[in-house]
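Protein chains in written order, with the working numbering: chain A, 10 to 384; chain B, 10 to 384; chain C, 10 to 384.
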């Protein structure tokens, strides 16, 4: 069962839908059920199989008709078509029906409402146990929780919420209504746009990995190249837990508007990620690589450095991208897994493939000498 | 040399073994050595090669006889068999001998004792420089260190130890004797069981990566799906440093009793991990995947989303699991590494494998036309 | 445009070069430009394409002549050769020219100067909102920012800078002039050398992943092996954001002088990393593996446990190293990526490679029966 809001905050379904601006366009009608009436209070959203009578659930298509017949949910968001099919097959429903042509979108909007409701009200202003440099500008509508540090000349805009334990260095700018979950670190001079969400443990603006051999320091020793660039993060971006985005060597690392980054992603210095590109967890992008707009990159994929990936490219999870991708489309490259013994046999042959091809070519010459080409 | 306890805390080996409840069953006898007597104080446990005379070491089998002959350790835990073989070959030992049929288990128990001893005593109660919501329930035997935040309605049970810099959101529940190392973040409504250990930088309950295309926000733009589920973590679970476990979209992400997770693991929303499954570092498990009980997953492996992995499945390190695994056993899938030039030759052929098979089939037809089948 | 220093801090180029000790040897001459004079103030370093007139840039060779002709930078560091080629092709330069045989090295030194300048001065001493055990020894020249905890018997040497939110456990030692960025966690008894930089979210000394089956705790249950070793980190080491280095089981995990670790690297217990080895982001090294000196390991590579990698070994990004490497050289092993449909065809054949070889051998026998060997 998901997290429910307090029963004192619960609304009945028609009042609830009035709270959501877009619902007037989306909801065609609301029908009471055999068991549950329009006055049933709704405390949360559940999956069909786990929802209880205080919860609302949703159905995206007729493939879920049987699951729907077994749900205990008090309210269901569904299409006219599914509603009719259900009544034909199972009779009058126990649950309240919210009829809409776009049940998934309405679910998304309802989920946001419940998500907000479960967050406790936080007082605006700076907590007494935080340390804010006197030259920093904090909008009076911003919330700065305990154990936060904010450095010199930082600018925190209206409605920003910085949760406990965040460290924000000097000259950082954070745009309106951006949320930093606890224990986020933002290095100096980083700019973050509006309405972003940055999850815990993310580190934005640490030094890029830049070293040059310096024999004066010893055989094989590395001299540090100071990283003078910064990170610019646009608007409406989500950055997952423990994701790291390094600052540029000279120019900035750039994350464009609408990008969504999952957890434990590594974006190296001087990368540029195009608008609305979504990257799943554990992906690494090496330095100076440019990824286009509207790309998707599956989990644990890796992209080498100094590459250009076109717009609308979709990389399968686990793929290592080692050269430019100039055309949209889907790209993959993962070694197939198998039972260990079978894998062992096949992997051993991989190490002899070049030789295998040589032997095949030799045989082809023999074959063509023996009889006319079979092509 | 490992960490030693203070000499003032050191015990001699017989007193030490009396401190460990299980030792009466495990220890068959203790024999003084030629050099070290039963009153030799023991300050720590070392490997055979690094232990000094204040340290105890152990031997699991006769393959270490030569190493044993060179150790400087003052006390050795070993089997009767190894003890006799040693005396036959090298004569009377310098070290005290602790004879047991299970030296590795006794080592594990002794190591726990020394580990506890090296931890300084911490005062119970909440540190004055922490921020605890007045509605949170903190057991008086719990320890809450400095710079910790604990949100509304959180419940912290007996003997829990929350180290500095942890952020615990509202409605979190933490079971008895669980330890949170510094700088752990726990999002709202997460439940953690008893006797768990959560290492630094772990983030439990951040939002799952849930987005739906929302063209109203722009071409290719993503709308956020609020994540209303939570994370439920059972008893006796260890979670490694910087590991992230995301909250469910509607239902909960579930980590079952006895699961051991290493560092930098990513468990996506709505996953279920079965009892006593152990996962090595840098593994990613994508959303809604169910992993059975008693599985092991090697380091840097990845498991795709919406899969079911049976009980007692063992995945080799680096393997990408892309389909259900219904049978117990060991599964692998890693591309063999080689000298760069050889790899280059073989990897190039991988890109032509389908064509290679085609040519082979053509040849087989030629061969069977030339002479009768060789099968 | 990169981060600039305040105009009040800007120096003209000749004064600037006097600030850098090595510049007297490196700079052969400084020539005023057609547009910019030697008194032009310099506020930062930019790339050729992004630098503005207040910025200095650099050129490493004649391949950048055309880019140089379009730069807006006020000052350029370049070789005598490039300077002459430029004048022949484009006439007298607008920018000030700093002539040196080693433009990249001079850039690196200048970058360090600007990097230091952009850091605000921090007061030495311990911030009032930090918690330092009374038995810890903090050098008076060290800086301990807010919300830091330092445990019993810790030793913090001269010039160390511990930024906000760091947690330093008991018996930790940190050598002179080492910098800990915000929210670093150091477990007990870890030793860190001089002049190290540890980036945010790094966790040093968490428990190694050590468990032994303990049937007494349940079918398939694991008993914890306490990790009594520590981590020893040498001098001049950089550790990236969210990197984790686990403590040893008995002996220590060892990071040798001059090692550079990028972000999100996992070093398991009892590993030894040799001097000046550089490891790119997202690499995992499993337990007890020894990596030699002066190695480089590309991003997202993995090294299995209990291996020995020789000195001067270079592992390509994404490679899984599963056996010892005894000879210097470059090693690789990545499955080639391709368009999804092509990959699908080839990956399917990988699963039949052993069978493919068998069929080829059968054909070879047929071929050699049909006519004399073609070798």
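Idealized CB from N, CA, C, for every residue including glycine.
Taken in chain order, the unbroken stretches of alpha helix (DSSP H) that lie wholly in the stretch 25–102 of chain A and span 4 residues or more are 32–35, 74–79, 89–99.
Shown here for residue 51 of chain A: same chain residues with a beta carbon closer than 8 Å to its own, the five before and five after excluded, namely 19, 20, 21, 22, 25, 63, 64, 65, 83, 84 in chain order.
Under the criterion of beta carbons closer than 8 Å, residue 254 of chain B and residue 264 of chain B qualify as touching, at roughly 7 Å. Chain C has a Cβ within less than 9 Å of the Cβ of residue 156 of chain A. Going by DSSP, residue 357 of chain A is part of the alpha helix (DSSP H) stretching over 349–359. Cβ contact annotation for residue 145 of chain C (same chain, cutoff 8 Å, sequence separation greater than five): 159, 160, 161, 162, 163, 164, 165, in chain order. The beta-bridge partner set that DSSP reports for residue 143 of chain C is empty.
Classified as exposed, residue 149 of chain C has fewer than 16 neighbouring CB atoms from the shown chains inside 10 Å of its CB. Residues of the stretch 41–65 of chain B with a Cβ closer than 7 Å to any Cβ of chain C, in chain order: 53, 54, 55, 56, 59. Of all alpha-carbon atoms in C:217, C:99, C:225, C:89, the one lying nearest the alpha-carbon of residue 43 of chain C is that of C:99. In this structure residue 269 of chain C is not in contact with residue 290 of chain C, their Cβ atoms being roughly 11 Å apart against a cut-off of 8 Å. In the three-state reduction of the DSSP assignment, residue 17 of chain B falls in the helix class. Around residue 132 of chain B, the same chain offers 152 as residues with beta carbons nearer than 8 Å, after the five sequence neighbours per side are excluded.
Proximity of the stretch 186–205 of chain B to the stretch 185–197 of chain A meets the contact definition, three or more beta-carbon pairs being nearer than 8 Å. Cβ contact annotation for residue 70 of chain B (same chain, cutoff 8 Å, sequence separation greater than five): 88, 91, in chain order. Residues 151, 183, 187 of the same chain have their beta carbon placed closer than 6 Å to that of residue 169 of chain B, with the five preceding and five following residues left out of the count. Against chain A, the CB of residue 317 of chain B has no partner CB under 9 Å away; the residue lies outside that interface.
A straight-line Cα-Cα distance of about 43 Å links residue 343 of chain A and residue 171 of chain C. For the stretch 167–197 of chain C, the set of positions with a beta-carbon nearer than 9 Å to some beta-carbon of chain A reads 172, 173, 174, 190, 191, 192 in chain order.
When the beta-carbon positions are compared, residue 206 of chain B and residue 181 of chain B stay at least 9 Å from each other. The three-state secondary structure of residue 247 of chain C, taken from DSSP, is strand. Here residue 297 of chain B is buried, its C-beta having at least 16 other C-beta atoms within 10 Å.
Assigned with DSSP and collapsed to three states, residue 336 of chain C falls in coil, not helix or strand. Sorting B:76, B:37, B:326, B:137 by C-alpha distance to the C-alpha of residue 108 of chain B places B:37 at the top. The Cβ atoms of residue 118 of chain C and residue 29 of chain C sit closer than 9 Å to each other. Collapsing the DSSP output to three states places residue 23 of chain B in a helix.
Residue 216 of chain A and residue 58 of chain A have their C-alpha atoms spaced approximately 47 Å apart. When rounded, the separation of the alpha-carbon atoms in residue 17 of chain A and residue 307 of chain B is 48 Å. Beta-bridge partners of residue 135 of chain C (DSSP): C:153. Residue 235 of chain C: not part of any beta strand (DSSP E); DSSP gives it neither H nor E.
From the beta-carbon of residue 273 of chain A, the residues of chain B found nearer than 7 Å are 253, 273, 275.
For residue 220 of chain A, the enclosing beta strand (DSSP E) stretches over residues 220–222.
Assignment of residue 215 of chain A by DSSP, reduced to helix, strand and coil, places it in the strand class. The beta carbon of residue 115 of chain A sits closer than 6 Å to those of 35, 86, 109, all from its chain and outside the five residues before and after it, given in chain order. Contact between the stretch 325–332 of chain A and the stretch 331–342 of chain C is absent: fewer than 3 CB-CB pairs across the two stretches fall below 8 Å. Put simply, the CB of residue 321 of chain A is far from chain C, with every gap to its CB atoms at 9 Å or more.
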